[in-house]
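Just so you know, the sequences run in chain order G and X.
Residues in the first sequence are numbered from 11 upward in steps of one, following our numbering.
Residues in the second sequence are numbered from 64 upward in steps of one, following our numbering.
Working notes, beginning with the structure itself.
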Amino acid sequence: MSEATATHSDHPKRATAFIKDHTRAQWHDQALWFVRTKRDRAVDLVPEWQTLRETAAAIKAHTVARLPDYLEQFEANATAAGATVHWARNADEHNRIVLQLLQRHRVSRIVKSKSMLTEECHLNPFLEQHGIEVTDTDLGERIVQLRKEPPSHIVLPAIHLKKEDVGDTFSEHLGTPKGLSDPQQLTEAARLHLREKFMQAEAGITGVNFAIAESGGIVVCTNEGNADLGCSLPRLHIACMGIEKLIPRIADLGVFTRLLARSATGQPITSYTSHFHGPQKGGELHIVMVDNGRTQIRQSDDYRRSLACIRCGACMNTCPVYRRSGGHSYGSTVPGPIGSILSPSSDPAAHRSLPFACTLCGSCTDVCPVKIDLHHQLLTWRKDLASLGLVAWTKRFSMVIASFVMARPWLYRMAGTWGKRIGRWLPRALLMKGPAAWMNPWVRSRELPPLPAASFREMFRKRSRTKE
Amino acid sequence: MTKARPVGLFVPCYVDQLYPDVAMATLEVLEKQGLSVDFPSQQTCCGQPMANTGCDGQAEPLARRMVSLFANYDHIVCPSGSCVAMVRHHYKNFFGADDAAYQHVRKNTFELTEYLTDVLKVERIGGRFPHRVGLHASCHGLRELRLGHASELGRGVPTQDRARHLLSGLQDITLVELSRPDECCGFGGTFAVAEEAVSTMMGCDRIADHERAGAEIITAGDMSCLMHLEGLIGRQKKPIRIMHIAQILAGRPVDAEGPR
């Protein structure tokens, strides 16, 4: 089920399918809640956490406001350091630039470290169509790549899989013994397999976590060291980044590295924080800067703040809906709260169910290390979808009726009185079973609320009369 | 001692119709503090369900009604964090920033526990409630109104928990510790029906957390969360009961049948 083939992401349908395997859904929820609590413990050790968040949000707001200046500054400094900077307006241009670079160097095998941008651009299938073998080297990414699945989380791409699933995948593709599910042995098998790929690779592609305008350097954060291996052995390093990854100064970097790993996994810092200033000796470094809709988001007063996202995944780990519906239920490269804001801006019709896959609980907003007001932006999306005519007619119709009734107190009183009277008179089974359950999903798992004899306003009037 | 000017009681529409005792308990709690309380009888709904569905055109006339009905009260009190959050944070789409009536209503509409703690400075509400109680932190009260401490913010941010403060002043009450102190119950308005599977799972998980902690009663500042949980509890015929915090503060006994 790749995103490219999905025409309309129907979150409730996919979530229902995910929850059908209740034990697995529960396990998924608990696995991610564990990451959230690890994050909480790490945050509690940093008394200035809120100051860090505010500083990060301010740096990002400033950078996005002056993005053209900083992009030019970055290009000049990166070029001076010996890198080549390329500009891609959209996914298609990005993919073609990467392909041309690889073809020019007669590359047929590449290793790639984790990059959500290349996922967003669907680079892998594009390169494979042109005869290039792509190996994702992040362990989780490699697992989902072997299974021909998209990642289900931006930091933990295979979080939807249990060790037994990984065992099955490895036994099929890497020849590990059937039934082997020991994480250490499986990791060892992946390591051997990946070492071979690293040795054969003729080019390395990485993502970028931060690009520093003042130095022209890029920073890549990983826990597995796969980015370093992938761009040290081959002579050609292509780094792909969205234009929002920029920060102005080296001094700003510490604010973000302190927030990133703690928010993502509860670690104080990622195992590897690698800085690249120009190519290695005798090699080439190409940096592909991609817009792909970001300029459009930048122009919107409502959604601009979403460009501050540093892709830590904390909003997914905390989201009670994400934890119980799985990343694939979103049908978009970036799932969860931030994905539900970003995806509709590229295709509102295809992603119209996502802003409603949310209870507006606000946990994502409070967990976000760069203070994106995620749940308020999701609410704004609902309004925008309604004005685009993309909210289900049942929802809109019921709101029109409700608003009509609520604007007329006499009608509201009458509806309340008669609704309760009829409801109390009818047998409960008629309100809860058969066609009632089909028409009103409330009663599929829940009893109806009580139907008291009188409303508060009637009780209040009686009470006031007796008082007088 | 009765204050000269009455407070305006703002009752959520579904509480008015389905849980009248919650509004009555709110009224009694306020009167016990020596206040006189008015219930503007023309009030209906604050417009939140429409706004949360993206239908601002349908929410706006209701927001205008709300503001004009309550503009003459010094203080407006409501037993729902969610409806107060709507007025305080989400009416701005419908009114100009210089609209005096709107600004007055926005600044002077309070959630019940907030009003008792922050405005009336109540230290201890009299009464006894000899039960094990699980406090469900309703999201909008917690994260939109900051009535308590959201677990995401970390220990660096001290915030008083208003509901906990008021409840712990009751005699013989035991407030149980939950493993997830402020996870959403899964109601979410139309979410409860549009995302029925996720909503149900979230609600069942919340109930299980309260059960594991040994709660006899689940209480909250918002009846909508409790309506959803009550529906699940009823269907599964569980012994655990729900009560709105106003009912506990007003000294209501635990109803074996649940609140009616």
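The beta-carbon is built from N, C-alpha and C at its ideal position, and this holds for glycine as well.
These numbers come from a predicted model, not from an experiment.
Run down chain G in chain order and give the residues with a C-beta less than 7 Å from the C-beta of residue i.
i        : result
X/Asn135 : Those within 7 Å of X/Asn135 in chain G number zero; the least Cβ separation is about 17 Å.
X/Leu125 : Ser413, Met416 and Ala417
X/Pro83  : Pro462, Ala464, Ser465, Phe466 and Met469
The alpha helix (DSSP H) that contains residue i, what's its start and end?
i        : result
G/Asp178 : Lys173 to His183
X/Ser262 : Glu259 to Arg275
X/Arg298 : Met286 to Arg298
G/Ser350 : Gly346 to Ser356
X/Tyr77  : Cys76 to Leu81
G/Asp146 : Unbroken run through G/Asp146 is the beta strand (DSSP E), Glu143 to Asp146; no alpha helix (DSSP H).
G/His21  : His21 to Lys30
Identify the contact partners of residue i in chain G, using a Cβ-Cβ distance below 9 Å as the criterion.
i        : result
X/Pro69  : By Cβ distance, chain G contributes nothing, its closest Cβ being about 12 Å from X/Pro69, past 9 Å.
X/Leu295 : Ser455, Arg456 and Glu457
X/Phe73  : By Cβ distance, chain G contributes nothing, its closest Cβ being about 12 Å from X/Phe73, past 9 Å.
For residue i and residue j, I'd like the C-alpha separation in whole angstroms.
i        : j        : result
G/Glu468 : X/Met87  : 11 Å
G/Arg434 : G/Leu461 : 6 Å
X/His307 : X/Thr172 : 19 Å
G/Arg51  : G/Arg406 : 43 Å
G/Leu82  : X/Ala148 : For the record, residue 82 of chain G in the displayed sequence is Glu; it is not Leu. Going from the Cα of G/Glu82 to the Cα of X/Ala148 covers about 43 Å.
G/Pro226 : G/Asp146 : The question names Pro, yet the displayed sequence has Gly at residue 226 of chain G. Answer to the nearest angstrom: the Cα atoms are 26 Å apart.
G/Cys371 : G/Lys430 : 30 Å
X/Asn115 : G/Pro354 : 17 Å
G/Lys477 : G/Ala446 : 43 Å
G/Ala463 : G/Tyr422 : 16 Å
G/Pro330 : G/Ala324 : 12 Å
X/Gln111 : X/Met286 : 14 Å
X/Arg218 : X/Ala226 : 19 Å
X/Gln310 : X/Glu293 : 15 Å
X/Gly284 : X/Pro142 : 7 Å
G/Met11  : G/Ala25  : With a pLDDT of 34 at G/Met11, under the threshold of 50, the predicted position of this residue should be treated as unreliable, and no value is reported.
G/Thr65  : X/Gly144 : 30 Å
G/Ser316 : G/Gly337 : 19 Å
G/Gly292 : G/Gly92  : 11 Å
Under 8 Å between C-beta atoms, does residue i make it to chain G?
i        : result
X/Met264 : yes
X/Thr65  : Here X/Thr65 scores only 47 on pLDDT, less than 50, and its place in the model should not be relied on; the value that follows carries that caveat. It does not; no Cβ of chain G falls within 8 Å.
X/Cys146 : no
X/Glu207 : yes
X/Cys141 : no
X/Pro302 : no
X/Arg323 : Note that X/Arg323 has pLDDT 43, beneath the 50 cutoff, so the model's placement of it is unreliable and the number below is only indicative. So, interface residue.
X/Val78  : yes
X/Ala86  : yes
X/Gln121 : yes
X/Gly314 : no
X/Gln166 : no
X/Gln96  : no
Give the residues of chain X in contact with residue i, contact being defined as C-beta atoms less than 7 Å apart.
i        : result
G/Glu182 : Within chain X, no residue comes near G/Glu182; the closest Cβ sits about 31 Å away, beyond 7 Å.
G/Ser335 : Val261
G/Trp59  : Gly217 and Gly219
G/Asp20  : Within 7 Å Cβ-Cβ: nothing; G/Asp20 doesn't reach chain X, min ~11 Å.
G/Pro451 : Val256 and Glu259
G/Asp376 : Arg206, Ala213, Glu215 and Leu216
G/Thr26  : Ala260
What first and last residue would you give for the beta strand (DSSP E) that runs through residue i?
i        : result
X/Gly197 : Arg195 to His199
X/Leu72  : Val70 to Leu72
G/Glu206 : Here G/Glu206 belongs to no beta strand (DSSP E); instead the alpha helix (DSSP H) covers Pro193 to Gln210.
Residues of chain X with a CB under 9 Å from the CB of residue i: which are they?
i        : result
G/Ser373 : Cys202, Arg206, Ala213, Ser214, Glu215, Asp245, Glu246 and Cys247
G/Ile29  : Ala260, Val261, Thr263 and Met264
Looking at chain X, is there any beta carbon in it that lies within less than 8 Å of the beta carbon of residue i?
i        : result
G/Pro445 : no
G/Pro167 : no
G/Lys405 : yes
G/Phe470 : yes
G/Phe501 : As shown, chain G starts at 11 and ends at 478. That puts residue 501 of chain G outside it, with no answer to give.
G/Val265 : no
G/Thr89  : no
G/Met299 : no
G/Leu190 : no
Would you mind telling me which residues of chain X sit closer than 8 Å to residue i, beta carbon to beta carbon, in chain order?
i       : result
G/Asp50 : Ser214, Glu215 and Gly217
Interface residues of chain G around residue i at Cβ under 8 Å?
i        : result
X/His291 : Arg456
X/Met113 : Met409, Ala412 and Ser413
| request: Anything in the segment 252 to 277 of chain X with a Cβ closer than 9 Å to a Cβ of chain A? List those residues in chain order, please. | output: Absence of chain A from the displayed structure is noted, the protein chains being G and X.
| said: Runs of 3 residues minimum, wholly inside the segment 288 to 322 of chain G: which ones carry the beta strand (DSSP E) assignment? | reply: Inside the segment 288 to 322 of chain G, DSSP marks whole beta strand (DSSP E) runs of 3 or more residues at positions 294 to 300, from first to last along the chain.
| request: Could you name each continuous beta strand (DSSP E) segment of 3 residues or more that falls completely within the segment 49 to 131 of chain G, going from the start of the chain to the end? | output: Note on the segment 49 to 131 of chain G: whole beta strand (DSSP E) runs with a minimum of 3 residues are 94 to 98 and 119 to 122, in chain order.
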